[in-house]
Amino acid sequence: MGDLVFFNTSGSGISHAGIYIGNDEFAHASSSRGVRISKLTESYYQNRYVTARRVIDQESYVQMVGTIN
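Heads up, our numbering is the position in the sequence shown plus 67, with the first residue counted as 1.
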């Protein structure tokens, strides 16, 4: 299970994404700085945050809600 976070860094829709890792932090990559851990509360990301989505595998989903029809 994981949470993806999405940002508008280019001024035109979603242009950057990361994986939420807990404690208000997310992992993400850039071409100039490599893989980084940043805080969602950093003003740069806070001002560019668009949305987040939860991603789970089928087994986890079944454990949470029961059988899949």
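All residues carry an ideal CB built from backbone N, CA and C; glycine is no exception. Quick caveat, the model's predicted, so the values are computed rather than measured.
Judged by DSSP secondary structure, SER105 falls outside any alpha helix (DSSP H) and instead within the beta strand (DSSP E) spanning 101-106. A distance of 7 Å or more separates the beta carbons of VAL72 and GLY89.
Excluding five sequence positions before and after THR108, the CB atoms of its chain that fall closer than 8 Å to its own CB belong to ASP91, given in chain order. By the criterion of a C-beta distance shorter than 6 Å, ASP70 is surrounded in its chain by TYR87, ALA119 and ARG121, once the five residues flanking it on both sides are discounted. Between ARG100 and ASN75, the CB-CB gap reaches or exceeds 7 Å.
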